[in-house]
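Q:
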Amino acid sequence: MSHGIALKPAKSRKSTNLSGTVRIPGDKSISHRSFMFGGLASGETRITGLLEGEDVINTGKAMQAMGARIEKVGAEWIIQGTGNGALLAPEAPLDFGNAGTGCRLTMGLVGVYDFDSTFIGDGSLSKRPMGRVLDPLREMGVQVTSTAGDRLPVTLRGPRTPNPITYRVPMASAQVKSAVLLAGLNTPGITTVIEPVMTRDHTEKMLQGFGANLTVETDGDGVRTIRLEGRGRLVGQVIDVPGDPSSTAFPLVAALLVPGSDLVIENVLMNPTRTGLILTLQEMGADIDVMNARSAGGEDVADLRVRGSELKGVTVPADRAPSMIDEYPVLAIAAAFAEGTTTMLGLEELRVKESDRLSATAAGLKLNGVDCDEGKETLVVRGRPGGKGYGNAAGKAVVTHLDHRIAMSFLVMGLASEHPVSVDDAGIIATSFPEFMDLMTGLGARIESDESQAA
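FYI, in the UniProt record's numbering the residues of the sequence shown are 1 to 455.
(1) Tell me whether Val180 sits in a helix, a strand or coil according to DSSP, three-state version.
(2) Is it a yes or a no for the segment 155 to 169 touching the segment 254 to 269, going by three-plus beta-carbon pairs under 8 angstroms?
(3) Would you give the residue range spanned by the alpha helix (DSSP H) that Leu367 belongs to?
(4) For Asn58 and Pro25, I'd like the C-alpha separation in whole angstroms.
(5) From this set, Thr248, Ala296, Ala249, which residue's C-alpha is nearest Val238's C-alpha?
(6) Using the rule of at least 16 other Cβ atoms within 10 Å of the residue's Cβ for burial, across every protein chain shown, is Asn392 buried or exposed?
(7) What residues are listed by DSSP as bridge partners for Ser422?
(8) Is Ile428 near the ligand NAD, going by C-beta to nearest heavy atom under 7 angstroms?
(9) Can you give me the Cβ contacts of Asp122 inside the same chain, cut-off strictly under 6 angstroms, excluding the 5 residues immediately before and after it?
(10) Take Ser15 and list the residues in its own chain whose beta-carbon comes closer than 7 angstroms to its own, dropping the five residues that flank it on each side.
(11) Below 8 angstroms, can you find three or more Cβ-Cβ pairs linking the segment 46 to 64 to the segment 286 to 300?
(12) Beta-carbon separation of Glu327 and Leu269 under 8 angstroms?
(13) So for Asn267, helix, strand or coil by DSSP?
(14) Does Ile70 come out as helix, strand or coil in the three-state DSSP assignment?
(15) In the DSSP output, what is Met291 paired with across the bridge?
(16) Taking the runs of the beta strand (DSSP E) that are 3 residues or longer, which of them lie wholly in the segment 57 to 101?
(17) Give the list of continuous beta strand (DSSP E) stretches no shorter than 3 residues that lie fully inside the segment 106 to 135.
(18) Are Leu109 and Leu228 touching if we call contact CB-CB under 8 angstroms?
(19) What are the residues that DSSP puts in a beta bridge with Glu448?
(20) So what does DSSP say about Thr280, is it helix, strand or coil?
(21) Which of helix, strand or coil does DSSP assign to Ser42?
(22) Identify which residue in Asn368, Glu76, Gly209, Pro434 has its Cα closest to the Cα of Lys28.
(23) From Ala454 to Leu18, what distance separates their C-alpha atoms?
(24) Residue ranges of each alpha helix (DSSP H) run of no fewer than 4 residues wholly in the segment 220 to 262, ordered along the chain?
(25) Work out the CA separation of Cys372 and Gln64 for me, nearest whole Å.
(26) Using the Cβ count rule (16 or more neighbours within 10 Å means buried), how would you classify Ala394?
(27) Whole angstroms are fine: how far does the CA of Leu402 sit from the CA of Lys127?
(28) Look up Leu439 in the DSSP assignment and say whether it is helix, strand or coil.
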């Protein structure tokens, strides 16, 4: 591959009796926003439980480049923010690496400022479309310079006075919604976002927690209208980040598929906009107990007990996609071991993730013996309980396309397959879940780096 990064192949093998109690690293969405809003607010923000993956750290570095002071003291991150409207012009391009969320949200945050800001990223991020965020920013008066058709590198320059807009989000995208709202923070008047299909609402909840004058109304058809008053004061907060449900998905599915498993996953974010995978797995017959449900920092949190289960195929409706968009690759792995057919609908958003996740998932499944069909917006998986014949006895590796979730999903697959499952790169996992390998092997999973393939 031509991205210039040394690949770190890995493989997983059939395992038994995954067990233990684990705590998942902090939620990625909330971690990004904690750095951003803490860096923007007046006064001090203190964060515990932050996800310290590369993506989130890159967002922190961007906020530092624009004037926030961020340091880690023990297990706590302490931020001295600039105050809303007081970000400084970055002296160098803001490099977001692989972080699509950090990049798109920061474009909204800083794009309306009357100075130049340039955004760059790695090979994967540079292929991802940014127009969905740049179009509403243009409506607000932002000048966009890009030599690659609204792909990185992109330079933004805000007008002297940005225009508040009313923007109806054309697709279910928390990133687009959030970018427009963040642009509204430094825009006079009321910025309005109309969201026909609800997506994860961490931006709304957290902005209210930091003191923004933000209101949400939902009509009888479920259409949400979010109004934000610009140029208000944000005040630093104390934040304990709950465990990331998207990262939780990997040990959770592994425990369902590996016979004899009994696993407790503590402190998982249970925001209703993020629990589509758990709901779907329960419909498939998964033995998942939700325990100690509680509220922490305005978010729903619980512990999950997961035991080995016999799953059956289901149809996953398109309207569930926003609540589990990052979890479809690992759901496809679960479906491969379920009895009957699982049909997943409304997956077009997977085409524009870190990779074309729909195509990458289907290709990986077929390489490892799974009967599946990839449609334009669908994935159909015909399962085989027990995993007989699954894996790749010849050692051919799944092509991850620099996508951390593809890598983790197929390493989970190998834990229940007859033959090992190999991936061409596990190094990319560090972008979102640096502890993945140690956490999984600590539960009894047979996963190993496969340096012999590196050549």
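Ideal placement from N, C-alpha and C gives every residue a C-beta, glycine not left out.
Bear in mind the structure is a predicted one, so any value in this text is a computation, not a measurement.
A: Based on what the coordinates show:
(1) helix
(2) no
(3) Here the alpha helix (DSSP H) through Leu367 covers 357 to 367.
(4) 17 angstroms
(5) Ala296
(6) buried
(7) Lys11, Ala397
(8) Although the ligand NAD was asked about, the structure shown includes no ligands whatsoever.
(9) Gly97, Asn98
(10) Val258, Leu415, Gly444, Ala445, Arg446
(11) no
(12) no
(13) strand
(14) strand
(15) Asp303
(16) 69 to 73, 76 to 80
(17) 116 to 120
(18) no
(19) Lys11
(20) helix
(21) strand
(22) Pro434
(23) Confidence is the limiting factor: at Ala454 the pLDDT is only 40, short of 50, which leaves the residue's position unreliable and the question unanswerable from this model.
(24) The qualifying runs are 245 to 257.
(25) 46 angstroms
(26) exposed
(27) 12 angstroms
(28) helix
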